[in-house]
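One structure is given here, and the rest of the page talks about it.
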Amino acid sequence: MSSMRNAVQRRNHKERSQPHERSKWGLLEKHKDYSKRAADHNLKKRKLKALQQKASERNEDEFYFGMVNSETKGGIKQGKRGEENSGGSGGRSLPEAVVKLMKTQDVGYLGLVVQRTRRLRKRVEREVVSGEVGVDVRGSGRGMGGKKVVFDEEGEMVGGGGEVGKEEDDDVGMDLDDLADLDGLDGLDGGANVEMEEDEEEQGLSKEELAARRRKNNALKAKQRYLDALRDREDQLTEALRRVEAQRARMNGTVGGVNKNGVKFKVRERKR
1 MSSMRNAVQR
11 RNHKERSQPH
21 ERSKWGLLEK
31 HKDYSKRAAD
41 HNLKKRKLKA
51 LQQKASERNE
61 DEFYFGMVNS
71 ETKGGIKQGK
81 RGEENSGGSG
91 GRSLPEAVVK
101 LMKTQDVGYL
111 GLVVQRTRRL
121 RKRVEREVVS
131 GEVGVDVRGS
141 GRGMGGKKVV
151 FDEEGEMVGG
161 GGEVGKEEDD
171 DVGMDLDDLA
181 DLDGLDGLDG
191 GANVEMEEDE
201 EEQGLSKEEL
211 AARRRKNNAL
221 KAKQRYLDAL
231 RDREDQLTEA
241 LRRVEAQRAR
251 MNGTVGGVNK
261 NGVKFKVRER
271 KR
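Residue numbers (the UniProt record's numbering): 1 to 272.
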């Protein structure tokens, strides 16, 4: 009988949505939402009742040794700075030698990351300056295997480009600053002329070579964006390293400065 009842097609249940005139109040509360809210409200009421009963039954003459070192203001317990900010050391601050050692480790790690980022940035800079990006071309015709076409910064094929490609220039004189506006080449004054020249150059190329040239341009733009991100990261890491080194120097008393309260301090010198 139950199988017959389940086999009969029934109308799907749809929850009632919020009426249009009440849409400003947000979504319509469903029964499960009300149940969760009511359960949470009742739980809080039970907790408050238990705490009130515990406070009413408290012994006024009760004593424990924590009262000796504790302090209250207006019935609110005041915690000690050492206990709150000791990092779990039982109210004892770290020795100055340990703090200096931690700063030394921070400086070493930041210096290592800065060097690694700088090497990566220089390598990407060389790739962007050379303007050469290898693009794989997959032939679709019979007897055409996969080959790699490499374009220089002028968009000409170099190194195995076949009859269409020209020889690679001996010296690439492009400066890195010239690539800063690589994404906005179309917005220059001679943008129309550049597009006409590119159209004339693309007339003698095959579909595979045209697709490879477009992929080359997209890859070069992506490489330029990656280079910009590396430069920003290197600047941020260098600034962090400089701040940690300055903090170490202030702790060692080798430099002066201004503390967070605006008080100027000088280098500690030996009394003469």
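Ideal Cβ placement from N, Cα and C applies to all residues, glycine included.
With H, G and I counted as helix, E and B as strand and the rest as coil, what does DSSP make of residue i?
{"i": "residue 57", "result": "coil"}
{"i": "residue 32", "result": "helix"}
{"i": "residue 14", "result": "coil"}
{"i": "residue 8", "result": "coil"}
{"i": "residue 3", "result": "helix"}
{"i": "residue 120", "result": "helix"}
{"i": "residue 23", "result": "helix"}
{"i": "residue 205", "result": "coil"}
{"i": "residue 125", "result": "helix"}
{"i": "residue 66", "result": "helix"}
{"i": "residue 111", "result": "helix"}
Return the bridge partner residues of residue i from the DSSP annotation.
{"i": "residue 78", "result": "71"}
{"i": "residue 47", "result": "Its beta-bridge partners do not exist; DSSP assigns none."}
{"i": "residue 103", "result": "Paired residue(s): none; residue 103 is not in a bridge."}
Given that a residue counts as buried once 16 or more other Cβ atoms are within 10 Å of its Cβ, and exposed if not, what is residue i?
{"i": "residue 73", "result": "exposed"}
{"i": "residue 135", "result": "Only weak support is given to the placement of residue 135: the predicted model assigns it a pLDDT of 44, under 50, and the question is left unresolved by the model."}
{"i": "residue 71", "result": "exposed"}
{"i": "residue 30", "result": "exposed"}
{"i": "residue 131", "result": "buried"}
{"i": "residue 160", "result": "For residue 160, the predicted model reports a pLDDT of 48, less than 50, meaning its position is unreliable; a value from the coordinates is still stated below. Answer is exposed; the Cβ neighbour count stays below 16."}
{"i": "residue 214", "result": "exposed"}
Can you check which of these residues, the options, is closest to residue i by C-alpha distance?
{"i": "residue 120", "options": "238, 8, 263 and 226", "result": "226"}
{"i": "residue 118", "options": "236, 246, 8 and 38", "result": "236"}
{"i": "residue 248", "options": "102, 215 and 77", "result": "102"}
{"i": "residue 251", "options": "239, 124, 100 and 215", "result": "100"}
{"i": "residue 27", "options": "17, 36 and 44", "result": "17"}
Could you tell me how far apart the beta carbons of residue i and residue j are, in whole angstroms, since I believe they sit closer than 8 Å?
{"i": "residue 111", "j": "residue 241", "result": "6 Å"}
{"i": "residue 278", "j": "residue 244", "result": "Lying outside 1 to 272, the shown extent of the chain, residue 278 is not represented and no answer is given."}
{"i": "residue 128", "j": "residue 223", "result": "5 Å"}
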